[in-house]
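Those protein sequences? They're chains A, B, C and D, same order as listed. Following the numbering used here, the numbering of the first sequence begins with -14 at its first residue and continues without gaps. Following the numbering used here, the numbering of the second sequence begins with -14 at its first residue and continues without gaps. Following the numbering used here, the numbering of the third sequence begins with 3 at its first residue and continues without gaps. Following the numbering used here, the numbering of the fourth sequence begins with 24 at its first residue and continues without gaps.
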Amino acid sequence: MARVIVDVMLKPEILDPQGQAIARALPRLGFSGVAEVRQGKRFEVEIEGPADEAALEDVRKMAETLLANTVIEDYSVRVE
Amino acid sequence: MARVIVDVMLKPEILDPQGQAIARALPRLGFSGVAEVRQGKRFEVEIEGPADEAALEDVRKMAETLLANTVIEDYSVRVE
Amino acid sequence: MGAARVGVVTFPGTLDDQDAARAIRHAGGEAVSLWHADRDLRGVDAVFLPGGFSYGDYLRCGAISRFAPLMEELVPAANAGLPVLGTCNGFQILCEAHLLPGALTRNVGLHYVCRDQRVRVENATTAWTGDYAPGQELLLPVKHGEGRYVADQATIESLEASGRVVVRYLDVNPNGSTNFIAGVSNEAGNVVGLMPHPEHAVEELTGAPSVDGRGFFTSILKRFVNL
Amino acid sequence: MTDSVERAAKTPDDPQPYAELGMKPDEYNRVREILGRRPTSSELAIYSVMWSEHCSYKSSKVHLRQFGTKAPKSEALLVGMGENAGVVDIGDGWAATFKIESHNHPSYVEPHQGAATGVGGIVRDIMSMGARPVAVMDSLRFGALDAPDTRRVLPGVVEGISFYGNCLGLPNIGGELLFDDCYIGNPLVNALCVGLLRKDQIKLATAPGPGNKVVLFGARTGPDGIGGASVLASATFEDESHAKRPAVQVGDPFMEKLLIECCLELFEADVVVGIQDLGAAGVSCATTELAAKGTGGMRVDLNRVPLRDPSLLPEEILMSESQERMMAVVVPDDIDAFMAICARWDVPATVIGEVTDTGRLVMTWDGEVIVDIPPGTAADEGPVYERPYHEPSGQAALNADGPARLARPSDLRATLLSLLGSPNVASKEWVTSQYDRYVRGNTVLAMPADAGVLRIGEIMPGAEETDRGIALATDGNGRFARLDPYAGAQLALAEAYRNVAVTGARPLAVTNCLNFGSPEDPEVMWQFAEAVRGLADACKTLGVPVTGGNVSFYNQTGATAINPTPVVGVLGVLDDVGKRVRHGFTEPGLRILLLGETRDELGGSEWAHVAHRHLGGLPPEVQLEAERSLAAILVTAAERGLLVGSHDVSDGGLAVALAEAAMAHGVGGTVRLPGEDAFVDLFSESSARALVTVRPESFEEFAELCARHEVPCSNLGATGGQELRVEDVLEIPVTELRAAHQATLPATFSA
Ligand SMILES: Nc1ncnc2c1ncn2[C@@H]1O[C@H](COP(=O)(O)OP(=O)(O)O)[C@@H](O)[C@H]1O
Ligand SMILES: [Mg+2]
């Protein structure tokens, strides 16, 4: 068993209303010095075998077709 | 400017229907060998100063009070 | 003596505030609007936190509203016994503010669901349910995407044991809530949160095909008349 | 280097990428003529978007004029076509404004965001009339239910509408959901919004008064939906980073909700002289249209536009379709009050320019003049085409291949159940349960009723006095329109009109969304011309004016166009909303009556589609006079309290109408068919029919009313029991009807 992480974030040029709402709220809560917040998704994919190149390739395909919407999102895949 | 990452995941004992739906869909899409998928959130916090201990402490507080609901979620903070 | 004054809080993105105010008026009370940014409860006798999408439900439902200036007044007042009812987003805010235990999470079906739902009043002794008979069955609309009530096992057990599960879904569990829980109260019974919307079941002509929601409003008003 | 007016004058021969921006050579040359020089790249950006099909209606204009020239006299019409949305007088000092618009292509590319921003756009149109948006509806078409494309697109579209509309707090009170192979690769997502306002508070998109300030408020401008601008940027600037900008716009419903509340306070405080939403073509459209309708001039400093991405170039700012933005014209003395209201709602607002009387729209960037044009030439004087059209070559053969040759069923029970479970007739609850139909507490009728009905009193401050209500329905049948676009458009109107009338509301006005293939195809253009002619003629006969709408062309995959799909929305008014007629069989012991006449009309019917996959022949005959009489008695009978329940008879005929009426409240009924041929009685789709229930003691009075208006009225039987019984034909328990009706969508989308 191995854990592969897929991080999915909105592309930088795409509006992130959630991140903006959080960033706007921070000063009110007494947090200063934050320039920007972006919110994305994190997937923990537990695979049955080892996280070898073949498995990673599979997860990459999964990210490309299912986990991320590549019209508006970028993703990255890594082993934890 | 530095980027601090906050990962927020549902506690293991809390049902994650999104992750489950993904896991269920995978075999249909031709992916096998995935034991489990869990979906959480990833925040990219851009701070104005350096990511020193004081700044990280601030982000940890932010995670504890705002970004995560510790009744149901765990979080981790790291510099990217 | 004048009618009881029930505050109705508006956050940015609150949707059901006017409906709540109308339901309070219909029941004979005076609705007092409270603005999230004011640190002022305007001397109300009770507070209603209505549903909606405060702050767009961004981050988590209720997560940002919880920090509103008004909440700094409301939390201590509620802890001191001020009756507070939160429905839907209001319930979510009460959980985020730790006035109620547990949390409301994504519906198990992953979709927003709007339906007329049968529920049962499990506790008719709280500030907001006194006008119902114990065990009374009601038809109330639910409409939410994140209404699955969860809490750790010990909390659930103690809620059940102490009668703090105030309302429970019947027939279908619309969101996958633990034990079909639709609403809970704090220990004192003055703070109640529920996912269904009583304010949309108070008139024959509009809303859900029932007027079963009236009891929540008459409960609180009678309480003040009887004081 | 900035392409300024000065530079353009000095470099007349610089090649410009007008073709990539979708402009024809003669269009480009006209711009050069108007300006007496080559346009700057910013001016080219403005003209190319303003003269696009989408903004200029250049192919449809010559036809759409009929909605004006043939418009029936209507005292209710306060603002007609040409504004952001039409406005109708609904009595007691109140007015309603409503409009339907397409977001088809964006919803195919990114279903969730495409559909969400479609809702956002139409809501801002309604706000720009000075109204409070009070409800939305959505009219949807997808490919076959089991097509992979449908599985991808439909859930996202529904989620987008649900996410955006619910978050705004606008009840969704109706719509349509239909499936047909012709929409594979080209779904239709048409969104309708209705708003209310005091009759004397209508706002218009106009910028009068030199010296008045131009304020941009709402979201900051980002690189959204500026595929076109990237052509310009890369051509002019050879800058790689600008070459690939997202075509997708992302919606922020929370910002839109703040904008709504903010705008309403601005209207209430009376600090707005003119207002315009920013939709397609963003700042280009808002500035040219406001200026053209006002004193005629405006000066704008583009550097003042608040940006989400500081690297945006002026051309990109002009073309950006960033959502949740509005533009207002404000008297200088009111600016502080205006800004204070925006601040209270956390809505960013910036003065970006002012109104002038120069007759020119002048924009500067870094101190240089980059735009200097007569705004009317971009806004109103775009190209107008008389596109050639002719009847499609296969039309006669299609019409000749009628349903007479189709085998008719002997087992009508099985036929009804299979129709009920077929995608077009099946319960849409999987979709509609994702929409909030109760928010704001004024929803009187919503799905599955024939029309959505709202109470007016209590929606708005000051409206408590009125008992009135409004009713809205949308309808469109692409199969009928394919067989005969003239009749098809009329049947769409007739059905929406009837759906409004069955609730007891008096139909008042019409909006429409015309979804067609490419106007450059003469056969498609014929369909379009016929549909518009049909709709305009029918509006005249029924006495309901078109107040606005939207045209969506180029709905096709390759060379294959969708079925012509005119979607028609009708708005009606109830003088006393308490007298609205409920949907279906509400209680046992009522008489069931069928109003109207049934003929053997199965061309384009749901039965032919489901049982034989057949489309041919002619659609049911249009009977506008009969529709008028039917509506008249429905409205009168509702006013007199004679009707208990009702349901319109359309797709799937009387059989489906009876089944739906029984399922509505779980009350069955027993009926005897009036005609000779049970199949025709049950499945024909003859128009101008409705099913009503009355108390036995009201029957005489109602029958007399029908006789006086010459509306055929057949006494079918009575409500009651747990099943639907058609004597000598079929018996089906309501639970079995429901099982067939409800299983279809979940089986596909909940798996
Ligand atoms: N996409 C949709 N959005 C909202 N309501 C819808 C949608 N599709 C269908 N409905 C509603 O579901 C009900 C049934 O739809 P439909 O079968 O098309 O009705 P009808 O045959 O009477 O026109 C109606 O109340 C309609 O308004
Ligand atoms: Mg209908």
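Quick reminder that beta carbons are idealized off the backbone N, C-alpha and C, glycines included. Since we're looking at a predicted model, the values are computed, not measured.
In the three-state reduction of the DSSP assignment, Trp117(D) falls in the strand class.
Annotation note: the region 395 to 426 of chain D contains the following uninterrupted alpha helix (DSSP H) runs of length 4 or greater, listed N- to C-terminal: 398 to 402 and 418 to 423. Under the three-state reduction of DSSP, Cys216(D) is assigned to strand. Nearest Cα to Glu339(D) within the set Ala363(D), Ala304(D), Met349(D) and Val353(D): Ala304(D). At least one CB of chain C lies nearer than 8 Å to the CB of Arg13(A). Among the residues facing chain A, Phe69(C) is included, as its CB has a counterpart in that chain under 8 Å away. Residues of the same chain with a CB within less than 6 Å of the CB of Pro276(D), apart from the 5 flanking positions on each side, are Tyr187, Cys190 and Leu191 in chain order.
Proximity of chain D to Ala6(A) at the Cβ level (cut-off 7 Å) is accounted for by Phe277, in chain order. The CB of Gly104(C) comes closer than 8 Å to the CB of Val56 in chain B, given here in chain order. Under the Cβ criterion (8 Å, minimum of three pairs), the region 18 to 37 of chain B does not count as touching the region 7 to 27 of chain C. The alpha-carbon separation between Val295(D) and Ala372(D) amounts to approximately 13 Å.
The beta-carbon separation of Ile364(D) and Cys285(D), rounded to 6 Å, stays under the 8 Å limit for a contact.
Beta-bridge partners assigned by DSSP to Tyr60(A): Val(-7)(A).
Exposure of His100(C) is indicated by the presence of fewer than 16 other C-beta atoms within 10 angstroms of its C-beta. Counting only runs of 4 or more residues that sit fully inside the region 655 to 694 of chain D, the alpha helix (DSSP H) segments are 676 to 688, in chain order. Contact annotation: in the region 458 to 489 of chain D, residues whose CB is within less than 9 Å of a CB in chain C are Tyr458, Asp459, Arg460, Tyr461, Val462, Arg463, Gly464, Asn465, Thr466, Val467, Leu477, Arg478, Glu481 and Ile482.
A Cβ-Cβ separation of about 52 Å leaves Ala210(C) out of contact with Tyr70(D) under the 8 Å criterion. For Thr659(D), the CB contacts under 8 Å within the same chain, skipping 5 residues up- and downstream, are Leu728 in chain order.
Of the candidates Pro642(D), His688(D), Thr693(D) and Ser707(D), Ser707(D) places its Cα closest to the Cα of Gly619(D). Under the three-state reduction of DSSP, Tyr151(C) is assigned to strand. In the same chain as His113(C), and ignoring 5 residues on each side of it, the C-beta atoms closer than 8 Å to its own belong to Gly147, in chain order. Interface with chain A (8 Å Cβ-Cβ cutoff): Gly390(D) is excluded. Between the C-alpha atoms of Cys308(D) and Gln89(D) there is a straight-line separation of about 25 Å. Burial is judged here by how many other beta carbons sit within 10 angstroms of a residue's own beta carbon; Ser61(B) has fewer than 16 and is exposed. In this structure, DSSP gives Asn465(D) a state outside helix and strand, which the three-state scheme calls coil. Taking 8 Å as the cut-off, the beta carbon of Phe202(D) is found no closer than this to the beta carbon of Leu594(D). What Asp21(C) touches in chain D, judged by beta-carbon distance under 7 Å, is Arg463 and Gly464, going in chain order. Per DSSP, reduced to three states, the secondary structure at Met350(D) is strand. Closer than 8 Å at the C-beta level to chain D, one finds these residues of the region 113 to 130 of chain C: His113, Tyr114, Val115, Cys116 and Arg117. A straight line joining the alpha-carbon of Gln136(D) with that of Pro129(D) spans about 8 Å. Around the beta carbon of Ser710(D), 16 or more other beta carbons sit within 10 angstroms, so the residue counts as buried. Ser334(D) is classed as exposed because its beta carbon has fewer than 16 other beta carbons within 10 Å across all chains shown.
For Leu223(C), there are no neighbours in chain D by C-beta distance under 9 Å, as the nearest C-beta there is about 19 Å away. Here the alpha carbons of Glu(-2)(B) and Val204(C) stand approximately 39 Å from one another.
Here Ala33(C) carries a strand assignment [DSSP, helix/strand/coil].
The beta carbon of Ala29(C) sits no closer than 8 Å to any beta carbon of chain D.
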